[in-house]
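Listed in order, the protein sequences are those of chains D and B. Numbering-wise (my numbering), the first sequence opens with residue 26 and increments by one. Numbering-wise (my numbering), the second sequence opens with residue 9 and increments by one. For each residue, glycine too, the CB sits at the ideal point set by N, CA and C.
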Amino acid sequence: QKEVEQDPGPLSVPEGAIVSLNCTYSNSAFQYFMWYRQYSRKGPELLMYTYSSGNKEDGRFTAQVDKSSKYISLFIRDSQPSDSATYLCAIGDGNQFYFGTGTSLTVIP
Amino acid sequence: EAGVAQSPRYKIIEKRQSVAFWCNPISGHATLYWYQQILGQGPKLLIQFQNNGVVDDSQLPKDRFSAERLKGVDSTLKIQPAKLEDSAVYLCASSFELSQGIGEKLFFGSGTQLSVL
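In structure tokens form, the structure reads like this:
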């Protein structure tokens with residue numbers, strides 16, 4: 026079983042839609058949860074970071090962690106064409122981090 | 009705050025040749041990581057340093073890959089000899105060491121895109 030699973034998509038939505046991206050993980054000891062955005066030919070850029078459980082909101086982005094289900098989500102409200110990228114989740118215990126395969130998102134104007 | 013610097017940005021070599029990548033982490037970050045990202049996949053950890061010591065190199069193909077981090081700052085990753093399947097983006101990341109020796113957020117460089125022909 027992989028440490029982190031992520032649906033690779035691709036996901037295509039119209040501009041203004043709400044986007045939901047998800048990851049599941051296997052190790053209940055994981056406490057650090059990150060979402061990265063990666064544009065083509067660029068390195069991953071840290072988008073959201075959560076320690077332990079709960080929700081975190083930053084502008085149009087909301088990260089949720091459900092430790093009981095070992096499930097994390099990233100919501101994007103009012104999606105824009107500039108949000109078109111690959112979104113990677115990274116989960117770990119602080120010493121080591123495991124990445125999902127990434128979900129490719131396209132927002133159509 | 010300057011980010012993680014990597015060079016070169018692109019590299020094209022023939023199989024069996026050697027290649028080296030360089031990384032300069034964010035100032036003050038004790039932990040440095042090298043990841044390999046094959047097209048369409050998430051980054052895979054190759055090696056993790058804490059200061060100038062190796063914490064985890066369990067997924068580093070040691071028959072052909074080597075890495076060092078001199079003086080606990082810059083790092084180089086070398087491949088010798090390269091194979092076709094080494095074609096990937098090599099990402100360097102760093103994180104700040106907390107008091108318990110645990111890292112926190114990972115910050116990535118732009119990566120080196122390697123093509124092996």
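Can you tell me where the beta strand (DSSP E) holding Lys27 of chain D begins and where it ends?
If you number the first sequence from 1, residue 27 of chain D lands on position 2. No beta strand (DSSP E) holds Lys27 of chain D; DSSP gives it neither H nor E.
Closest to Glu93 of chain B by C-alpha separation, out of B:Val124, B:Ser26, B:Pro16 and B:Ser103, would be which residue?
One-based indexing of the second sequence puts residue 93 of chain B at position 85. Of the candidates B:Val124, B:Ser26, B:Pro16 and B:Ser103, the one whose C-alpha sits nearest the C-alpha of Glu93 of chain B is B:Val124.
Let's test the definition: count the other Cβ atoms within 10 Å of the Cβ of Ala10 of chain B and tell me whether it reaches 16, buried, or not, exposed.
Sequence index remark: in the second sequence, residue 10 of chain B carries index 2 (1-based). Per the 10 Å Cβ criterion, exposed.
Could you give the C-beta distance for Tyr76 of chain D and Gln56 of chain D, rounded to a whole number, given that I count them as a contact under 8 angstroms?
The residue you call residue 76 of chain D lines up with position 51 of the first sequence. The residue you call residue 56 of chain D lines up with position 31 of the first sequence. Indeed they touch by this definition, with Cβ atoms about 6 angstroms apart.
With which residues is Gly117 of chain D paired in a DSSP beta bridge?
For the purposes of this step, residue 117 of chain D is identified with residue 92 of the first sequence, where counting begins at 1. According to DSSP, Gly117 of chain D bridges with D:Tyr57 and D:Phe122.
Using only alpha-carbon positions, find the residue among B:Glu76, B:Lys23 and B:Val12 that is nearest to Val62 of chain B.
For the purposes of this step, residue 62 of chain B is taken as residue 54 along the second sequence, with counting starting at 1. Per the Cα distances, B:Glu76.
Please decide whether Gly50 of chain B counts as near chain D, where near means a Cβ-Cβ distance under 8 angstroms.
If you number the second sequence from 1, residue 50 of chain B lands on position 42. Cβ-Cβ to chain D under 8 angstroms: yes for Gly50 of chain B.
On a CA-only basis, which of B:Ala90, B:Lys79 and B:Ala38 is nearest Asp71 of chain B? Give me that one, please.
Residue mapping note: residue 71 of chain B aligns to position 63 of the second sequence, counting from 1. For Asp71 of chain B, the nearest C-alpha among the options comes from B:Ala90.
To the nearest angstrom, how far is it from the Cα of Tyr18 of chain B to the Cα of Ser93 of chain D?
Numbered from its first residue, the second sequence carries residue 18 of chain B at position 10. Numbered from its first residue, the first sequence carries residue 93 of chain D at position 68. Spanning the two alpha carbons is a distance of roughly 43 angstroms.
Against chain B, does Phe122 of chain D count as a neighbour if the rule is that its beta carbon must be under 8 angstroms from one of theirs?
Residue 122 of chain D sits at position 97 when you count from the first residue of the first sequence. By this cut-off, Phe122 of chain D is an interface position.
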